[in-house]
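Chemist: At position 50 of the sequence shown (counting the first as 1) the number is 489 in this note's numbering, and the numbers step up by one without a gap.
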Amino acid sequence: MEENKNTQIDAFLKKQIQEMPLESPSKDFTSNLMSVLEEETSQSTQYVPLISKKIWIGIAALIAAIFFIPFQEQEGSLMDKVPLDLSFLDSIKMPTLEGFTISSVALYAIFFFTLMIFAQIFYIKGYFNKRESGLL
440 MEENKNTQID AFLKKQIQEM PLESPSKDFT SNLMSVLEEE TSQSTQYVPL ISKKIWIGIA
500 ALIAAIFFIP FQEQEGSLMD KVPLDLSFLD SIKMPTLEGF TISSVALYAI FFFTLMIFAQ
560 IFYIKGYFNK RESGLL
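1. Where Thr446 and Glu462 are concerned, what is the direct C-alpha to C-alpha distance, given to the nearest angstrom?
2. Apart from the five residues on each side of it in sequence, which residues of its chain come closer than 7 Å, Cβ to Cβ, to Phe539?
3. Following the continuous alpha helix (DSSP H) through Ser465, name the residue where it begins and the one where it ends.
4. My output table needs one value for Met459: the three-state DSSP class, helix, strand or coil.
5. For Ser526, name the three-state secondary structure that DSSP assigns.
6. Output the distance between the C-alpha atoms of Pro488 and Ser474, rounded to the nearest integer angstrom.
7. So, with DSSP's three-state summary, where would you put Thr446?
8. Among the residues of its own chain, which have a CB less than 7 Å from the CB of Phe551, if the five just before and after it don't count?
See the structure below:
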């Protein structure tokens, strides 16, 4: 009895499915769907730094002000006012670095090399961000 009922239901469903017209999606269905998916994924994977650029600039300016800027013409910088006893550093001997000096040319080269590495990092980061957003 139950098998007869199932076959009747199956026959009815097959007839109803055959009579239903096929629906076709719009012409831009795929591109619309992909654009929605790209927006959702780009928002979910967007990089947000822990410390913003404004904060880093503020920290750098504060450090520069503390160490290098004199407050008045007759006064020295803040580091001149703070009495630091660093005599304990004389007792620390590093045998491998004793007598080691760096020329000013090498020091400038290291500085500019480091500066260029940071410039390349920011350039490459911008390149990949543009490529990810589809501007490239």
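All residues carry an ideal CB built from backbone N, CA and C; glycine is no exception.
Modeler: Looking at the coordinates:
1. 27 Å
2. none
3. No alpha helix (DSSP H) contains Ser465, which DSSP labels as neither H nor E.
4. coil
5. coil
6. 26 Å
7. helix
8. none
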